[in-house]
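The sequence shown maps to residues 41 to 428 in our numbering.
Ideal Cβ placement from N, Cα and C applies to all residues, glycine included.
The block underneath contains the structure these notes are about, expressed in structure tokens.
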Amino acid sequence: MSSDDLQLRLALSLFHCKGGHAPALSRALRHQGSLKALMATTREAQEQYGLSLSQQALLSGEPASAESLALGDKDLEWALDSEHHLVTYDSIFYPERLRETDCPPLLLYVRGSLATLGSLQLAIVGSRNASDYGKRNAYWMARELCKAGVTVCSGLALGVDANAHLGALDAAGSDASVSTVAVLGTGIDRVYPAAHRALFQRIADNGAVVSEFPLGMRAYAYNFPRRNRLISGLSVGVLVIEAAIKSGSLITARYAVEQNREVYALPSLLSNPQGRGCHELIKQGAMLVDDPNDILFELGLEAREAREAKEAGDTLSPTGFGNLIDTGEPNDLQPLQRKLLQRLRTEDCLFDSFLDADLASFGALNHALLDLEVRGLVSCRGGRYTIA
């Protein structure tokens, strides 16, 4: 057995060790820099880290229990698939941003692309019960960020998460070199929610799915704060779209602050209780964003449309992202907004109907309709726009 195989075996035994204290082991790894270096420390040092007697015994070369060995064998069998990967803290594929956090996991289970896992990531999180506004903006933000070279990280949940994954996948389906990462609160061999089985597979085929939980782990409520910590740990920043005051997304934002990540928040209508958490984040210093370019600028990137226009010597048209928000009186409406109101005076419309009519880009429509909603000129119920 090679030294790498022995190292993997040790990592698996430590991971499955009963009575082990995972946070203590993670902190010890962070301090020592590698599992190999931790093995070279004395028992006294290991005890000071808070490692259990079982963990200390394994680090000093004592054999693992039969149960730990059996679970490790199961992991190795799972990893025989070419798209399945066991990534330990010492692996060259372990994401550097995650390695730098205070409590990095010893082991990651990964399905899909290791390159995607290690790419520049921005987390998009939000309500499971998102409104059409939240879903639409999650999709749009993710799509434009991905087009500009940013991998979108989220949690595979209903609502905002799912639409963020879909936006990134649709962007990657054109000519983007990045895609999306789904972080699970279950074992990687389980899909939660079950309704996202097809989305799970699509992400595994075109991006990466990752979990720090052992195979077979169910979706227990106490798993999800750990999942949220992993989401922020993999990312350079976290964008929150529609979050209630007690939303789990605010836990992700809190982890982001602790990990020295940027926190971004999309404002919502004051009448929407799902947006109050975002407004609270903005009060606390999160960056208000209403356009993907706000984030791209902070990351030192630019939208693909702007980059292509610059290379061609052109300038963006007035219907580019970020140019349609207008706080003046109705007689100062943008031409696109006038067209939308004219259409709505004749019939109620779904957002897709405006897209099909080829009135403007997704982003321009999104901005224009949001502004009309804020002014009270139109309302949206069940995804259908009407004159207010």
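If you compare alpha carbons, which of the options is closest to residue i?
{"i": "V150", "options": "L160, F133, T141, D396", "result": "F133"}
{"i": "S167", "options": "D142, N203, L99, L147", "result": "N203"}
{"i": "T220", "options": "L99, H124, L341, N246", "result": "N246"}
{"i": "H56", "options": "F253, R378, E342, L328", "result": "F253"}
{"i": "L157", "options": "A244, T386, D142, M79", "result": "A244"}
{"i": "G189", "options": "L196, D172, A222, V218", "result": "V218"}
{"i": "P313", "options": "G73, R421, A170", "result": "A170"}
{"i": "A261", "options": "L279, D229, L65, G225", "result": "G225"}
{"i": "H61", "options": "T81, Q72, A77, L91", "result": "L91"}
{"i": "R421", "options": "F391, Q47, S159, L99", "result": "F391"}
{"i": "E102", "options": "H407, G195, L46", "result": "L46"}
{"i": "G195", "options": "L160, N263, S105", "result": "N263"}
{"i": "G59", "options": "S100, A104, A80", "result": "A104"}
Under 6 angstroms: does the beta carbon of residue i sit that close to some heavy atom of the ligand PLP?
{"i": "P135", "result": "As for the ligand PLP, it is missing from this structure, which has no ligand bound."}
Does the separation of the CB atoms of residue i and residue j fall below 7 angstroms?
{"i": "T275", "j": "V165", "result": "According to the sequence shown, residue 275 is Ser rather than Thr. Going by C-beta atoms, S275 is not nearer than 7 angstroms to V165."}
{"i": "L162", "j": "G315", "result": "no"}
{"i": "R70", "j": "P144", "result": "yes"}
{"i": "I271", "j": "C193", "result": "yes"}
{"i": "Y304", "j": "I335", "result": "yes"}
{"i": "L148", "j": "V250", "result": "yes"}
{"i": "L146", "j": "L65", "result": "yes"}
{"i": "L293", "j": "C318", "result": "Checking the displayed sequence, the identity of residue 293 turns out to be Ala instead of Leu. Contact: no."}
{"i": "S94", "j": "S53", "result": "no"}
{"i": "L376", "j": "A397", "result": "no"}
{"i": "Q299", "j": "G325", "result": "no"}
{"i": "R267", "j": "V329", "result": "no"}
{"i": "L75", "j": "D113", "result": "no"}
Tell me which residues share the same chain as residue i and place their Cβ nearer than 7 angstroms to its Cβ, disregarding the 5 neighbours each side in the sequence.
{"i": "V231", "result": "R237, F240"}
{"i": "G368", "result": "Because the pLDDT of G368 is 38, which lies under 50, any placement of that residue in the model is unreliable, and the question is left without a value."}
{"i": "S153", "result": "G247, A248"}
{"i": "L198", "result": "R168, P233"}
{"i": "D354", "result": "The predicted model places D354 with a pLDDT of 46, which falls under 50 and marks its position as unreliable; any figure quoted below should be read in that light. Hits under 7 angstroms: none found."}
{"i": "P432", "result": "Any property of residue 432 remains undetermined from this structure, which presents the chain solely from 41 to 428."}
{"i": "Y89", "result": "A64, R67, A68"}
{"i": "N406", "result": "R176, N177, W180"}
Below 8 angstroms CB to CB, which residues in the same chain sit around residue i once its five sequence neighbours on both sides are set aside?
{"i": "C389", "result": "R383, R424, Y425"}
{"i": "Q96", "result": "R83, Q86, E87"}
{"i": "L212", "result": "The identity of residue 212 in the sequence shown is Ala, whereas the question assumes Leu. C186, V218, S219, T220, N246, G247."}
{"i": "V418", "result": "L380, L381, L384, L409, L412, Y425, T426, I427, A428"}
{"i": "L341", "result": "A188, G189, V190"}
{"i": "E302", "result": "V276, G277, V278, A296, M327, E338"}
{"i": "D172", "result": "F391, C420, G422, G423"}
For residue i, which residues of its own chain have a beta-carbon under 6 angstroms away from its beta-carbon, when the five flanking residues on both sides are left out?
{"i": "G207", "result": "Y179, A182, R183"}
{"i": "I281", "result": "G166, G174, N177, A178, V200, L306"}
{"i": "N363", "result": "Note that N363 has pLDDT 30, beneath the 50 cutoff, so the model's placement of it is unreliable and no number is given."}
{"i": "Q72", "result": "L78"}
{"i": "D229", "result": "L255"}
Compare the C-beta of residue i with all C-beta atoms of chain C and state if any pair is closer than 7 angstroms.
{"i": "A68", "result": "The structure shown contains no chain C; it holds only a single protein chain."}
DSSP beta-bridge partners for residue i?
{"i": "C318", "result": "Beta-bridge pairing links C318 to no other residue."}
{"i": "I285", "result": "According to DSSP, which records beta bridges pairwise, I285 is partnered with nothing at all."}
{"i": "T128", "result": "L147"}
{"i": "G277", "result": "E302"}
{"i": "V218", "result": "DSSP output for V218 lists no bridge partner at all."}
{"i": "R421", "result": "R424"}
{"i": "G166", "result": "I281"}
{"i": "G73", "result": "Paired residues: none, contrary to the question."}
{"i": "T191", "result": "Q161"}
{"i": "S251", "result": "Y149"}
What whole-angstrom Cβ distance do residue i and residue j have, given they're in contact under 8 angstroms?
{"i": "L410", "j": "L380", "result": "Not confirmed; about 11 angstroms, so no contact."}
{"i": "T128", "j": "A51", "result": "4 angstroms"}
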